[in-house]
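Novice: Chains as they are written, first to last, in our numbering: chain A, 1 to 355; chain B, 1 to 249; chain C, 1 to 458.
After the structure tokens below, expect a handful of questions from me.
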Amino acid sequence: MVLFSFDIFSHTGLALIYAGTLIILTIGLNMVYSVLKFSNFAHAEFVTAGMFMSWWVLQILTFAIPWDTTGEHLINNLFIQATFAFVMVGIIGVLGEVLVYGRLRSFDASSRSFTVASIGIGLIIRNFLAMIFGNFPQHGLGGTSTPSLPFNLNFDIKLQFIRRHPIFGSQGIFITSFQLLIIIISILTVVVIDYVFKKTKFGIAMRATSDSFELADVCGINTKRIILYTWFLAAGITGMGASFVRATQARFSSLDGFFLLLPIFTVVILGGVGSFRGGIVAAFIIAFSREIALIVLTEIQKPNGLEDTIEQTLGFTVTFAPAYADAIAFVVLIIVLLVRPQGIYGSVEATRARV
Amino acid sequence: MSQTVLRGVNIVSGYGKLQVINGIDIHVNENELVTIIGPNGSGKSTLIKTMIGLVKMFSGQVFLRDHDVSHLQPHEIIRTGIPLGYVPQLANVFPSLTVEENMKMGFYTKKWDADYSKNIDKMVALFPILGERMDQKASLLSGGERQMLALARALMPEPDMLILDEPTAAIQPNIAEEMLQLIVTLKKELGIAILLVEQRARRSLELSDRGYVLVTGEVAATGPASELLAEDKIRKLYLGVRDRNENNT
Amino acid sequence: MKKNSESVGNLVEGRSELYIGLALAVPILILYLYAFLFGIDIRGTWIVGTLTTIMVFFVGAISLDLEVGSMGLPNFGKVGFFAIGAYTSTLLYSEWGVPFPIAVLLALLLSAVVGYFISIPTVKLRADYFAIMTIAGGEIIRLMLAYEKRWLWVLSPAGTNTQVITNKFKIQFTGFFDQVIDLTPFNGVTILIIRIIIIPIELFDSLLGSNLIPAGWKVTDFTWGNVFLWEILLVGVFLLISLLTYWLVQQIRKSPYGRTIRAIREDDITVTSVGKDVARFRWQITTVAALLAGLAGVMYATTFGAFEAAEFRPALTFQLYMFIIIGGLGNSKGAFAGTALVTMFLRAGQVDAVKENFSFYFGPDTPLLGPILEFLQLDVFINPFNLRFVILGIILVLFLLFKPAGLIREPKTDNEKYLKLLTTEEREDSDLAVSRRQSLTERERIDEEDKAPAKEGA
Chain A
1 MVLFSFDIFS HTGLALIYAG TLIILTIGLN MVYSVLKFSN FAHAEFVTAG MFMSWWVLQI
61 LTFAIPWDTT GEHLINNLFI QATFAFVMVG IIGVLGEVLV YGRLRSFDAS SRSFTVASIG
121 IGLIIRNFLA MIFGNFPQHG LGGTSTPSLP FNLNFDIKLQ FIRRHPIFGS QGIFITSFQL
181 LIIIISILTV VVIDYVFKKT KFGIAMRATS DSFELADVCG INTKRIILYT WFLAAGITGM
241 GASFVRATQA RFSSLDGFFL LLPIFTVVIL GGVGSFRGGI VAAFIIAFSR EIALIVLTEI
301 QKPNGLEDTI EQTLGFTVTF APAYADAIAF VVLIIVLLVR PQGIYGSVEA TRARV
Chain B
1 MSQTVLRGVN IVSGYGKLQV INGIDIHVNE NELVTIIGPN GSGKSTLIKT MIGLVKMFSG
61 QVFLRDHDVS HLQPHEIIRT GIPLGYVPQL ANVFPSLTVE ENMKMGFYTK KWDADYSKNI
121 DKMVALFPIL GERMDQKASL LSGGERQMLA LARALMPEPD MLILDEPTAA IQPNIAEEML
181 QLIVTLKKEL GIAILLVEQR ARRSLELSDR GYVLVTGEVA ATGPASELLA EDKIRKLYLG
241 VRDRNENNT
Chain C
1 MKKNSESVGN LVEGRSELYI GLALAVPILI LYLYAFLFGI DIRGTWIVGT LTTIMVFFVG
61 AISLDLEVGS MGLPNFGKVG FFAIGAYTST LLYSEWGVPF PIAVLLALLL SAVVGYFISI
121 PTVKLRADYF AIMTIAGGEI IRLMLAYEKR WLWVLSPAGT NTQVITNKFK IQFTGFFDQV
181 IDLTPFNGVT ILIIRIIIIP IELFDSLLGS NLIPAGWKVT DFTWGNVFLW EILLVGVFLL
241 ISLLTYWLVQ QIRKSPYGRT IRAIREDDIT VTSVGKDVAR FRWQITTVAA LLAGLAGVMY
301 ATTFGAFEAA EFRPALTFQL YMFIIIGGLG NSKGAFAGTA LVTMFLRAGQ VDAVKENFSF
361 YFGPDTPLLG PILEFLQLDV FINPFNLRFV ILGIILVLFL LFKPAGLIRE PKTDNEKYLK
421 LLTTEEREDS DLAVSRRQSL TERERIDEED KAPAKEGA
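Set out below in structure tokens:
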């Protein structure tokens, strides 16, 4: 007997991977949003840049250290790639602040100006990357490109028993130890950042700066430097996360970050601006509701499913395309904004600045 | 002779191209309460913001004890090592930080160690109501409590010099009176030099040692507070006292 | 005195605007001309195509500008209304047989209704949250259009169900007015003009040995090519629509109503406190803007003939934002200037001749840089396709930093009209009173006020 017609573990695995992706990519946006108070659309391009940077360092190392024949220790090392992406994307973030945002701030531009500027910066970064590295999708996984780890962690979770048992479907779990590691790193990063933001001197200074630049300044905080650190951290963590995401994907292109932008925004707002732990919960909610929607819509569209039944009884119907699952994040976003704009864990801030 | 803590020499400043302060000399001595009064738009707040480094100074010099702090950023002035407390008129607490974190911000330039907890205890003794609300967000405090928190934050580093911009502006009259009394106590007991900008000109002059009267970015009159209080023209123009006989003629 | 100095200030301001405008417009026009001369064979059609595209996006930009520039509502879901307009008009006519004018009207109506519903949460949300909400709304609309097979997909000529929508009105329109208009009579005059224009370029080429003018190119080869009658008619109709839209928006902006919405943009709380219903103004403007965006969508569908949901991505909205930020927020002329320049720039960048001549490749074989690039494993390919977006991004950021008002600044509210209602004497009196008060120093003012009660008493 087959209990579910769909493979529950494989869907769970996919949802977990998606949640991990969202968790680590959300941190940077949340940080910028809560400290600098504007929607940074260029965040999508930090993701893209992180992917390209981690790919680039792989190319450089392959060329520069040919003696590393196995390629597992240095050339294709996940941590080297993540560090490189962290530093490079962090520098991109700092450059944005120094060249554009800092100047905008100096004459008190509106948050709309910041947002539009971030669109411009995003356009520049994306097309610049495309010119240097190419527009076409680049291979991520497969061949020598799968990043390896300095230690042996090659036990794929296969769970033979469950996999073979017909109750749970037939496909098995597609979550590898590597992906599991990435999910764990994502959650650990959030915990660390949350601690830094809440408890340390640097974190309190960041929050103080976000409240009032002038007051923070007269307390002895070098606000300009704090903002630069914020950008470096925010962009850097995003770049690092993007290098992980690239490692789990089959291929990537210069538009990948842009497609992830809105789900990332949804997670930030659902979790609450300024609350990193809320981001974890929100990422799981979004990832699982997307996967559940996918399952439900697929079921409805099957022959003799709900769609056919409606067709037969009413004579007409609408399509329940599984692709609508992508819209779940947006629907959740709109509902949250209308019902509880401060998010799950967000503080009661002025979301009603309007009359 | 008592030493000068804060001294501004021929300060000229303003916003953008607009000049607001047209050359002002001002000084505050140790253990002295100095009040700046003047009509709206006379540049009182701009003057102290200039001295603290928040408004760009066109020309002139500012000394904090012996240090030349002209043209320094506020955080650089704070880091000269001479403890200085400043309470702005608006937005004087960090609303998203808890009461305790707000006080920590006052101690930002120093290590958060034994001294810090000692000072926290002092502040709680001074403002018992804040002690009850250490873990609350500052945005939940009332107007008077915010003012107290702002003052507590400014007092955290045990300042030599305290600059207060209209500390009684947005609070109830009875609490305002308490606040002024507290400021006097601070001066007497801790020996802090205090520079005060006040709308309640008469009451604050009565409590202070010296006063400056600012009009259109210039010092119109200065001297011991009692003399200013006695002077006819100032009484008439800025203290809201009118000679009854003159009106009846 | 005061008046004089003010007008001088305006003159200086106006001149700097002119310089910036020229600095932006001249290179774009040169690039466009270059593409026109050396890269295009059917030149007449190309020019007409540019004009129609500009007018489609102009209507879209003006609708966005009404919302963002005048009202201060950052709507990032504009592309959704484009899609609604395009889909409704096309599907109703092509698939359901509704007469085209009625189909267009229904499309506009649907856009307006959706716009009205979008306006409801604006009361509740902070501006940046509103921006994200609208961008998400636009994406939801796009996904529905892309995957709703039963209702929104159409049968392609090959017999399969496809999400590429063909506008039958366009096909019939082009079929009906398929007369060819021969532009050869204009060739002679144009060649004469080109001969003059080309002289400095030839000089440049001969002096520097460059080849800006392709080797085989001859002036006498120039032809305008042919234009179809329907292309001319389309431009005419679009011009009419654009002018009408322009006039409508101008009327809104000039009226007291327009002043109120600008006041709401600056400070909505104050406007509420004088007894205006801010929510009402918001939904009215959002609805009108949505209707205009729907109109732009109808024009889009008619221009491009066939389209699919994937074209209505947020990138299109971002492009509209570029038009109005570069052109200048809050005024329709700016929206036009921005749209025209950016559209010409983008179109010129698509032409093959430009692509070939402005492409540079740096790889391991490049002299000097080669070894470094080889070590870095880089093959840098500077191509106009991406470069034009980099340049656009840089222009956008530069405008935000150094010229936030845009190419053409929003006109200040003109008070002259109201002053004219006064008699000459009254005007002089009021001028005198103002100047007298301005000349007083603070101290004198206080003294004067001090005297006033005494005077009354006496």
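We treat Cβ as the ideally placed atom computed from N, Cα and C, and that holds for glycine.
Note that the structure is a prediction, hence the values are computed from the model and not measured.
Whole angstroms are fine: how far does the CA of residue 178/B sit from the CA of residue 26/B?
Specialist: Rounded to the nearest angstrom, the two C-alpha atoms are 27 Å apart.
Novice: Verify whether the separation of the beta carbon atoms of residue 375/C and residue 361/C is less than 8 Å.
Specialist: No.
Novice: Taking residue 202/C as the query, report the chain A residues whose CB atoms sit under 7 Å from its CB, ordered along the chain.
Specialist: Under the 7 Å cutoff, chain A gives no residues; its nearest Cβ is about 32 Å from residue 202/C.
Novice: For residue 343/A and chain C, any beta-carbon pair shorter than 8 Å?
Specialist: Not closer than 8 Å to any Cβ of chain C, the Cβ of residue 343/A fails to qualify, so no.
Novice: Please tell me whether residue 332/A and residue 26/A are closer than 8 Å, where the distance is taken between their beta carbons.
Specialist: No, they are not a contact pair.
Novice: For residue 332/C, which of 363/C, 307/C and 248/C has the nearest alpha-carbon?
Specialist: Nearest option by C-alpha distance: 248/C.
Novice: Please list the residues of the stretch 45–65 of chain C that have a C-beta atom closer than 8 Å to any C-beta atom in chain A, keeping them in chain order.
Specialist: Cβ contacts with chain A come from no residue of the stretch 45–65 of chain C.
Novice: Please specify which runs of the alpha helix (DSSP H), each continuous and at least 4 residues long, are wholly inside the stretch 80–116 of chain C, giving them in chain order.
Specialist: Listed in chain order, nothing qualifies, since the stretch 80–116 of chain C has no complete alpha helix (DSSP H) run of 4 or more residues.
Novice: Determine, for residue 340/A, whether the minimum Cβ-Cβ distance to residues of chain C falls below 8 Å.
Specialist: Not an interface residue.
Novice: Mind checking whether residue 76/C and residue 166/C have CB atoms under 8 Å apart?
Specialist: Cβ distance not < 8 Å, so residue 76/C and residue 166/C don't count as in contact.
Novice: Is the CB of residue 143/A under 8 Å away from at least one CB in chain B?
Specialist: Note that residue 143/A scores a pLDDT of 35, beneath 50, so its modelled location is shaky and nothing firm can be said.
Novice: Would you say residue 103/B and residue 148/B are within 8 Å of each other, going by their C-beta atoms?
Specialist: For residue 103/B and residue 148/B, no; Cβs fall outside 8 Å.
Novice: Taking all protein chains shown into account, decide if residue 56/B is buried (16 or more other Cβ within 10 angstroms of its Cβ) or exposed.
Specialist: It is exposed - the Cβ of residue 56/B has fewer than 16 other Cβ atoms within 10 Å.
Novice: Roughly how many whole angstroms lie between the Cα atoms of residue 246/A and residue 30/A?
Specialist: Whole-angstrom Cα-Cα distance: 21 Å.
Novice: Figure out for me which residue from 306/C, 57/C and 26/C has the closest Cα to the Cα of residue 163/C.
Specialist: It is 306/C.
Novice: Could you pull the DSSP bridge partners for residue 306/C from this structure?
Specialist: DSSP, once it has assigned bridges, lists 166/C as partnering residue 306/C.
Novice: Helix or strand or just coil, what does DSSP make of residue 5/B?
Specialist: Strand.
Novice: Does the distance from the C-beta atom of residue 329/C to that of residue 108/C stay below 8 Å?
Specialist: No, these two residues do not count as a Cβ contact at 8 Å.
Novice: Can you confirm whether residue 11/B, when its beta carbon is compared against all beta carbons of chain A, has any partner nearer than 8 Å?
Specialist: So no, residue 11/B is outside the interface.
Novice: Closer than 7 Å by beta-carbon distance: list the chain C residues that pair up with residue 111/A, in chain order.
Specialist: Neighbours of residue 111/A on chain C, chain order: 127 and 128.
Novice: Tell me the DSSP secondary structure of residue 43/B in three-state form.
Specialist: It is coil, neither helix nor strand.
Novice: Give me, in chain order, the residues of the same chain whose beta-carbon lies closer than 7 Å to that of residue 28/A; leave out the 5 immediate sequence neighbours on both sides.
Specialist: Excluding residues within five positions, the ones whose Cβ falls inside 7 Å are 43, 46, 234, 235, 237 and 238.
Novice: Please state the DSSP three-state secondary structure of residue 224/B.
Specialist: Here residue 224/B sits in strand by DSSP.
Novice: Taking its Cβ as the centre, do 16 or more other Cβ atoms sit within 10 Å of residue 400/C, making it buried, or is it exposed?
Specialist: Residue 400/C should be labelled buried.
Novice: Looking at chain C, is there any beta carbon in it that lies within less than 8 Å of the beta carbon of residue 306/A?
Specialist: False, the Cβ-Cβ gap to chain C never drops below 8 Å.
Novice: Output yes if chain B places a C-beta closer than 8 Å to the C-beta of residue 214/A; else output no.
Specialist: Yes, its Cβ sits closer than 8 Å to a Cβ of chain B.
Novice: Residue 136/B lies in the alpha helix (DSSP H); which residues open and close that run?
Specialist: No alpha helix (DSSP H) holds residue 136/B; DSSP gives it neither H nor E.
Novice: Beta carbon of residue 243/A, beta carbon of residue 85/A: below 8 Å?
Specialist: Contact flag set, yes.
Novice: For a cutoff of 8 Å on Cβ pairs, would you count residue 277/A as touching chain B?
Specialist: Chain B, which has no Cβ nearer than 8 Å to the Cβ of residue 277/A, makes this no.
Novice: Name the DSSP beta bridge partners of residue 19/C, please?
Specialist: Answer is none; residue 19/C lacks a bridge partner.
Novice: Determine the direct distance from the alpha carbon of residue 121/B to that of residue 113/B, and round the result to whole angstroms.
Specialist: Straight-line Cα distance between these residues: approximately 13 Å.
Novice: State the Cα-Cα distance for the pair residue 437/C and residue 53/C, rounded to the nearest angstrom.
Specialist: Annotation note: pLDDT 49 at residue 437/C (below 50); position unreliable, no value reported.
Novice: Between which two residues does the beta strand (DSSP E) holding residue 250/B run?
Specialist: The requested residue 250/B is not part of the displayed model; chain B covers only 1 to 249.
Novice: How long is the line joining the alpha carbons of residue 85/B and residue 21/B, rounded to whole angstroms?
Specialist: Spanning the two alpha carbons is a distance of roughly 22 Å.
Novice: Provide the residue(s) that pair with residue 162/B in DSSP beta bridges, ordered along the chain.
Specialist: For residue 162/B, which the question treats as bridged, DSSP gives the partners 85/B and 194/B.
Novice: According to DSSP, which residues form a beta bridge with residue 35/B?
Specialist: Note: residue 35/B sits in a beta bridge opposite 196/B and 211/B.
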